[in-house]
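Per the numbering used here, the very first residue in the sequence shown carries number 8; after that it's consecutive.
Backbone N, C-alpha and C fix where the C-beta goes; we use that ideal spot for every residue, glycine too.
Each remark here refers to the structure printed beneath this line.
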Amino acid sequence: MPATVSRLVLAVLIGVGLPPALTYADQPSTIPKIGLLTFPPLQELLRDGLRERGYVEGKNIVIDWRPGSTNDEEMQAQATALIRSKVDVIVTFGTPATRAALAATTAIPIVFSAGDPVATGFAVSLAKPGGNATGLSALTTELISKRLELLHQVAPRARHVAYLMNSSNPAGPLQLKEVQKAVRALGVQLITLEARNAAELDTALQSLSRSGADSLLVTADVMLQANKSKIARAVRQARLPTMVPYRNYLDAGILMSYGPNLKDLTLRVAGYVDKILKGAKPADLPIEQVSNYELIIDQRVARELGIKVPQELLYRADEVIR
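Next comes the structure, spelled out in structure tokens:
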């Protein structure tokens, strides 16, 4: 085709509204953007959960991840940054992150995984959350007494239980009140170790060996989970039978865990994200109460500690690591 004719064809195409391909680069993206506010351990799990729902980062979704913080002002700043980046939905793990996101916006949908969203004021009720947030309730308050009971079955001679908690977590006082009732019922003493950040956690763990504790109960908290390897090192050094909330702690050499399966939990969170991106409103989506919890026991650690785990508990366990 002669050059003159080629220029004529191009001019006609432009005239009828078909611009050259280069102009499409200037068009706004329609790919939904998901804001994620949490500590690193849950970032990849959520990506996996979204992938199972058909969402692939860089293909049909964008993920703007902001790391959680143990400082309230920093956490609030991260939540505000997500709002400014114009995300379509915000995903939070843990009570502090959820509180920061709710304080930052009443317009953008929020999907959370939190301990007790009703007691902490995040929702009106499980059936009708109201507002712009919904998600999962892991019942972390009620689980505390169950974890203590299981720990007591494995280490019945332990009379002084160290209780590691994040005192800045809004769910912290509720959990502490519950565990105080549980220790009275079992006739054991509670040694409370509080940590609001990594530096305070170091101090609490350094005091573990001289605290007089002969067992340890770790609360469900995202900051503590982010430091699980540090906690495991201190536990091994102090040689304490320990109960933790999630299976991934056991990779670092801890005796037992009892709590929700994190992979399943993040898949359910991804399901809420999917519904909201398809047009559902958070106020119309009931909060799901997690009801399936898994008990994992590491027999290798039990042998190292000289503990004989009751056979009935081994039969009951969802997994026994040998």
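Rounded to whole angstroms, what is the Cα-Cα separation between Pro-35 and Ile-90? Confidence is the limiting factor: at Pro-35 the pLDDT is only 43, short of 50, which leaves the residue's position unreliable and the question unanswerable from this model.
Next item on the list: Give me the Cβ distance between Leu-231 and Leu-171, rounded to the nearest whole Å; I'm assuming they're in contact under 8 Å.
Entry: Distance from Leu-231 to Leu-171 at the Cβ level is roughly 7 Å; contact confirmed, criterion being Cβ atoms closer than 8 Å.
task = Please check the pair Ser-92 and Gly-42, which I expect to be a contact at CB under 8 Å, by giving their CB distance rounded to whole angstroms.
result = Sure, about 7 Å apart at Cβ, within 8 Å.
First and last residue of the alpha helix (DSSP H) that includes Ala-111?
102-111
Grab me the residues of Asp-55's own chain with a C-beta within less than 6 Å of its C-beta, minus the 5 sequence neighbours each way, in chain order.
-> Apart from the 5 residues on each side of it in sequence, Asp-55 has no Cβ closer than 6 Å to any other Cβ in its chain.
Item to complete: For Thr-37, count neighbouring C-beta atoms within 10 Å of its own C-beta (all shown protein chains included) and say buried if the count is 16 or more, exposed if not.
Response: exposed
Looking only at its own chain, which residues have a Cβ that is under 8 Å from the Cβ of Leu-224, when we skip the five neighbours before and after it?
-> Ile-151, Arg-154, Leu-155, Leu-158, Val-168, Ala-169, Tyr-170, Leu-171, Val-186, Thr-249, Met-250
* Asked: If you drop the 5 nearest sequence neighbours on each side, which residues of the same chain put their C-beta closer than 7 Å to that of Pro-27?
  -> Only weak support exists for where Pro-27 lies, its pLDDT of 36 falling under 50; the coordinates are left without a value.
Notebook entry, point to check: In terms of alpha-carbon separation, which member of Glu-80, Ala-84, Trp-72 lies closest to Val-94?
Noted result: When each option's Cα is compared against that of Val-94, the closest is Trp-72.
TODO: Using a threshold of 9 Å, state whether the C-beta atoms of Leu-143 and Gln-296 are closer than that.
DONE: Contact: yes.
Worksheet item: Shortest alpha-carbon distance to Gln-85 belongs to which of Asn-67, Thr-112, Gly-128, Gly-313?
Response: Thr-112
Q.
Quick check: Ala-165 and Ser-222, are their CB atoms within less than 9 Å of each other?
A. yes
Problem set entry | For Pro-74, the residue or residues it bridges with in DSSP | Thr-45
What does the Cβ neighbour count give for Lys-235, buried or exposed, with the cut at 16 atoms within 10 Å? buried
Note to self: Measuring alpha carbon to alpha carbon, tell me which residue in Ile-294, Ser-216, Asn-255 is nearest Ala-233.
What the structure shows: Asn-255
(Q) Residues in the same chain with beta-carbon distance under 8 Å from Leu-183, minus the five sequence neighbours each way, listed in chain order, please. (A) Tyr-170, Met-172, Thr-199
- request: Within the stretch 116-167, note down every full beta strand (DSSP E) run reaching 3 residues or more, in order along the chain.
  value: 117-121, 140-144
Taking Pro-136 as the reference, give the member of Met-82, Ala-227, Leu-146, Ile-117 with the closest Cα. Ile-117
Next item on the list: For Asn-67, collect the residues of the same chain with a Cβ closer than 7 Å to its Cβ; drop the 5 residues on either side in sequence, then sort them by chain order.
Entry: Leaving aside the five residues that flank Asn-67 on each side, the residues in its chain whose CB is nearer than 7 Å to its CB run, in chain order, Ile-38.
Under a Cβ-count criterion, where at least 16 other Cβ atoms within 10 Å of its own Cβ denotes burial, should Ser-132 be classed as buried or exposed?
-> Around the Cβ of Ser-132, a 10 Å sphere holds fewer than 16 other Cβ atoms; the residue is exposed.
Note to self: Can you look up Gly-266 in the DSSP assignment and give me helix, strand or coil?
What the structure shows: strand
Item checked: Alpha carbon of Arg-60 to alpha carbon of Gly-75, nearest angstrom -> About 25 Å.
Note to self: Considering Cα atoms alone, identify which of Arg-203, Pro-163, Thr-99, Ala-178 is closest to Ala-79.
What the structure shows: Here residue 79 is Asp; the residue named in the question, Ala, does not match the sequence. If we check each option's Cα against that of Asp-79, Arg-203 comes out closest.
*Based on the DSSP output, what are the partners of Val-195 in its beta bridges?*
Val-195 is not bridged to any residue.
Leaving out five residues on either side along the sequence, give the residues of the same chain with a beta carbon under 7 Å from the beta carbon of Val-276.
The residues are Leu-53, Gly-56, Val-98, Val-118, Ser-120, Gly-142, Leu-143.
Item to check | Neighbourhood of Asp-228 by C-beta, 6 Å cutoff - its chain only, sequence neighbours within 5 removed | outcome: Asn-173, Asn-176
Check: Going by beta carbon distance, what residues of the same chain come within less than 6 Å of Glu-326, once the five residues before and after it are set aside?
Finding: These residues qualify, in order along the chain: Ile-303.
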